[in-house]
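2 protein chains.
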Amino acid sequence: MAVIVNIEERKNQQGKASLQPLMDLVQADLEETNQIILNRMHSEVELIPTLAKHLIAAGGKRLRPVLTLGAANLCGYEGDRAKKLAACVEFIHTATLLHDDVVDESDLRRGNETANVLWGNQASVLVGDFLFSRSFQLMVEDGSLEVLAILSNASAVIAEGEVMQLMNIGDTNTTEDSYLQVIASKTAALFAAACQVGAVVADRPKAEADALASYGRNLGIAFQLVDDALDYSAEQQSLGKAIGDDFREGKVTLPLLLAFRRGNEEERAFWKKVVEGGDQQDGDLETALEIIQKHTALEDTIERARHYGAMAKDALGIFPDSGIKTALQDAVDFSIERAY
Amino acid sequence: MAVIVNIEERKNQQGKASLQPLMDLVQADLEETNQIILNRMHSEVELIPTLAKHLIAAGGKRLRPVLTLGAANLCGYEGDRAKKLAACVEFIHTATLLHDDVVDESDLRRGNETANVLWGNQASVLVGDFLFSRSFQLMVEDGSLEVLAILSNASAVIAEGEVMQLMNIGDTNTTEDSYLQVIASKTAALFAAACQVGAVVADRPKAEADALASYGRNLGIAFQLVDDALDYSAEQQSLGKAIGDDFREGKVTLPLLLAFRRGNEEERAFWKKVVEGGDQQDGDLETALEIIQKHTALEDTIERARHYGAMAKDALGIFPDSGIKTALQDAVDFSIERAY
Chain G
416 MAVIVNIEER KNQQGKASLQ PLMDLVQADL EETNQIILNR MHSEVELIPT
466 LAKHLIAAGG KRLRPVLTLG AANLCGYEGD RAKKLAACVE FIHTATLLHD
516 DVVDESDLRR GNETANVLWG NQASVLVGDF LFSRSFQLMV EDGSLEVLAI
566 LSNASAVIAE GEVMQLMNIG DTNTTEDSYL QVIASKTAAL FAAACQVGAV
616 VADRPKAEAD ALASYGRNLG IAFQLVDDAL DYSAEQQSLG KAIGDDFREG
666 KVTLPLLLAF RRGNEEERAF WKKVVEGGDQ QDGDLETALE IIQKHTALED
716 TIERARHYGA MAKDALGIFP DSGIKTALQD AVDFSIERAY
Chain W
416 MAVIVNIEER KNQQGKASLQ PLMDLVQADL EETNQIILNR MHSEVELIPT
466 LAKHLIAAGG KRLRPVLTLG AANLCGYEGD RAKKLAACVE FIHTATLLHD
516 DVVDESDLRR GNETANVLWG NQASVLVGDF LFSRSFQLMV EDGSLEVLAI
566 LSNASAVIAE GEVMQLMNIG DTNTTEDSYL QVIASKTAAL FAAACQVGAV
616 VADRPKAEAD ALASYGRNLG IAFQLVDDAL DYSAEQQSLG KAIGDDFREG
666 KVTLPLLLAF RRGNEEERAF WKKVVEGGDQ QDGDLETALE IIQKHTALED
716 TIERARHYGA MAKDALGIFP DSGIKTALQD AVDFSIERAY
């Protein structure tokens, strides 16, 4: 019988970068954050905690709250505010996941049936709204207008990025610039805000808050680039993970975008048929994978991710060396190496 | 040729309560609020202002922002903050309308095709998220944590009310208490917050802020009760307005709830078939209207509205008499008399 090894452990064993040092350093705070998350998703209206728990308790790495806790730790912060704001960041993220799954008509997330499948689109939209409102209540309780400005701006930018992505669907003329703007908005803005508030609660100088925002933004871009590559990865498929979601939804992510721009007339006709025309048949995903491979579009997507990863790591250069700084930089490498 | 007279003018001519005195008193501020709304719905992502304008510019009475401006006026406030917060309240309202139309699968609103019909559910969900985020940015710019707490709490309560309503759909066992909790949450919470912030920006004592919150809450309940009655009103139908939306959607509002509780076995079987079973045929709406009429369920819904309206007017008793106070009280009567 084949043993499916957890991807993080596997990389550890091979001596590659791991998220574990960062997770270990924030472990105690993260447990308290998880408790805040569970307490604050409560509502008299039973469907709200039921549905929210399905997604929030299903796990995932809690990467965004971990970044808030890690950034606060890097800035020497020892109080309680970072935990509440980490919960707030996770609520914003969860609200966008609920709405994304409705918008993308997704059936599965992390191998589980999505909330929209189990409880319907209607409940997913409304519970998303609730979690989003709850995140603002948590911010208001924190009481810092600076934090409120950072996170409310991030929320608006996320929504703009999602609309932009929707408008680019099926458009093979999407440029790399436009794609980058989408992922910078829909993904990297929350990574940036999650890290920046760590410096703000610690009352550190603007240069450090800016450095952490830059770290988060570039890490977020690298993370999304790798995610978009993984959606076409034969290795992922061999690990039993679903691939081809973006292809089926007509999302023009970088692997597809590069393959289109580098392709010949015949290949472009194929992309137009399956992506613009939405005319997909059995075997089309395999054809797409072949064309993408022919043009080394996955490797080059990862290569682009490395560029943003390098920027993220350099952004932390102004902080003195420490275990948490190394752990945050390792998190960048982990985000990229998970592609292999 | 028949002339359809604007319902507000018609009532004016008959010497009934009108919204006009309130509108006149806040006219100058409302124009500036409208300008803020137009400016702040802007985004580089073109679909956002296009879709938002469709709903926001389509008119409607701007009742909620008018309440914020009127409440601030009643409290003697003369600064600029109320206009921005009035815009913020309208953004929250518009975001919930966009999501409501998706959840209810509505085709028409105020006689126009809904945004979800014109641009799809996906765009409506995401632009709703944007407007919601934008409302928080406006609040943060205002800079008052008290205002932020009031409006973020209202937002969470609205979302809870919407989920509660969703769970009550098709349930003929819904009690009047449960129905009241839904409308207090989904509608009255924002009316209350809209009024309360008027006192907060004017830095008035808690008693006045509480009085305005109570005025808003009870006005909101009365307003929604009348809305729910109008959805079964033969007069509305004769004016060319669509009726029966709640019936088709299986929403157990007070007219239906009263008719069910007062009905005989045969009538209850009818309600169970059409509402719980969702089995509706031609002629069923007419049957519903007859049963509702037989049990005077519309008149009694309006009678209940009068009760909350009286509470709203009395809540303003602690303020000295003035033109704006009379206008706010007239707005209550107008909200109820529009049923005739």
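Read top to bottom, the protein sequences are chains G and W.
Residue numbering for the first sequence follows my numbering, beginning at 416 and increasing consecutively.
Residue numbering for the second sequence follows my numbering, beginning at 416 and increasing consecutively.
Yeah, the Cβ is synthetic: ideal placement off N, Cα and C, and Gly gets one too.
Just so you know, these numbers come straight off a predicted model, no measurement behind them.
By Cβ distance, which residues of its chain are closer than 8 Å to residue i, with the 5 residues on each side in sequence left out?
i	result
F462/G	Checking the sequence, you will find Leu at residue 462/G rather than Phe. Cβ within range, chain order: W534, A538, V542.
A622/G	I733
G693/G	G585, G665
A609/G	R479, P480, L482, T483, A486, A501, V504, G631
P436/G	G738, T741, A742, D745
V540/W	L513, H514, V517
N583/G	T589, S593, Y594, V597, K666, V667
Does chain B have any CB closer than 8 Å to the CB of residue i?
i	result
G698/G	Among the protein chains of the structure shown, namely G and W, there is no chain B.
CA-CA distance, residue i and residue j?
i	j	result
V597/G	H514/G	16 Å
K426/G	A754/G	Residue placement at K426/G cannot be trusted, given a pLDDT of 47 that sits under 50; what the coordinates show is reported in the next sentence. The alpha-carbon atoms of K426/G and A754/G are separated by roughly 11 Å.
M456/W	D715/G	38 Å
H710/W	S629/W	31 Å
M579/G	N679/G	28 Å
L595/W	M726/W	15 Å
E691/G	H722/W	58 Å
T741/G	L434/G	11 Å
V418/G	L645/G	Because V418/G sits at a pLDDT of 35, beneath the cut-off of 50, its placement in the model cannot be relied upon, and the point is left open.
Y647/G	D699/G	13 Å
C490/W	A624/W	9 Å
L731/G	V517/W	44 Å
L445/G	R496/G	12 Å
I706/W	L478/W	33 Å
Q695/G	V555/G	47 Å
T587/G	D643/G	16 Å
S458/W	N568/G	13 Å
R619/W	D661/G	54 Å
Counting only the same chain and skipping the five closest in sequence on each side, list residues whose C-beta sits under 6 Å from that of residue i.
i	result
A432/G	D745, D748, F749, E752
K728/W	Q744, V747
E664/W	D519
G724/G	A637, V747, I751
Y492/W	V616, A617
T602/G	G635, Q639
V420/W	The predicted position of V420/W is uncertain, since its pLDDT is 36 and thus under 50; a value taken from the coordinates is nonetheless stated next. For V420/W, where only same-chain residues beyond five positions count, there are no Cβ hits under 6 Å.
F547/G	A510
Kindly list the residues whose CB is nearer than 7 Å to the CB of residue i, restricted to its own chain and excluding five residues on each side of it in sequence; keep chain order.
i	result
A720/W	A637, L640, V641, I751
A502/W	T448, I451, I452, R455, P480, L553
S570/W	I507
Between which two residues does the alpha helix (DSSP H) harbouring residue i extend?
i	result
L640/W	621-645
F551/G	530-557
C503/W	496-519
R683/G	680-686
E577/G	560-583
Q652/W	649-653
N454/G	435-455
R479/G	478-489
H722/G	712-730
I471/W	462-471
T741/G	738-752
S773/G	No answer is possible for residue 773/G: the residues shown for chain G start at 416 and end at 755.
V616/W	604-616
Could you tell me how far apart the beta carbons of residue i and residue j are, in whole angstroms, since I believe they sit closer than 8 Å?
i	j	result
A473/G	R549/G	Contact flag wrong, Cβ pair sits at about 18 Å.
T529/W	I471/W	Actually they are not in contact, since the Cβ atoms of T529/W and I471/W sit about 13 Å apart, beyond 8 Å.
A712/W	A657/W	At roughly 20 Å, the Cβ-Cβ gap does not stay under 8 Å, so A712/W and A657/W are not in contact.
L627/W	G613/W	6 Å
A607/W	G631/W	4 Å
L669/G	E591/G	7 Å
K498/W	D557/W	Between D557/W and K498/W the Cβ distance is about 10 Å, and since that is not below 8 Å, they are no contact.
A604/W	V562/W	Incorrect: roughly 15 Å between the Cβ atoms, too far for contact.
D544/W	V532/W	In fact, because the Cβ distance is near 19 Å, the residues do not count as touching under 8 Å.
Taking 7 Å as the line, does the beta carbon of residue i fall inside it for any heavy atom of the ligand FAD?
i	result
I707/G	The ligand FAD is not part of this structure, which contains no ligands at all.
*asked:* By the 7 Å beta-carbon criterion, what residues does the stretch 528-549 of chain W contribute toward chain G?
replied: So the close ones are Q537, A538, V540, L541, V542, D544, F545, F547, S548, R549.
*For the stretch 547-573 of chain G, which residues have a beta carbon sitting closer than 7 Å to at least one beta carbon of chain W?*
Here the close residues are F547, S548, R549, F551, Q552, V555, G558, L560, L563, A564, S567, N568, S570, A571.
*Determine which residues of the stretch 483-517 of chain W have a Cβ less than 7 Å from any Cβ of chain G, and write them out in chain order.*
Cβ contacts with chain G: H514, V517.
_Against chain G: residues of the stretch 607-626 of chain W by CB proximity under 7 Å_ = Hits within the stretch: zero.
*Using a beta-carbon distance cut-off of less than 7 Å, what residues from the stretch 572-593 of chain G approach chain W?*
Correct list: A574, E575, E577, V578, M579, L581, M582.
*Mind checking the stretch 453-471 of chain G against chain W and listing, in chain order, the residues whose C-beta falls within less than 7 Å of any C-beta there?*
Cβ contacts with chain W: S458, V460, L462, I463.
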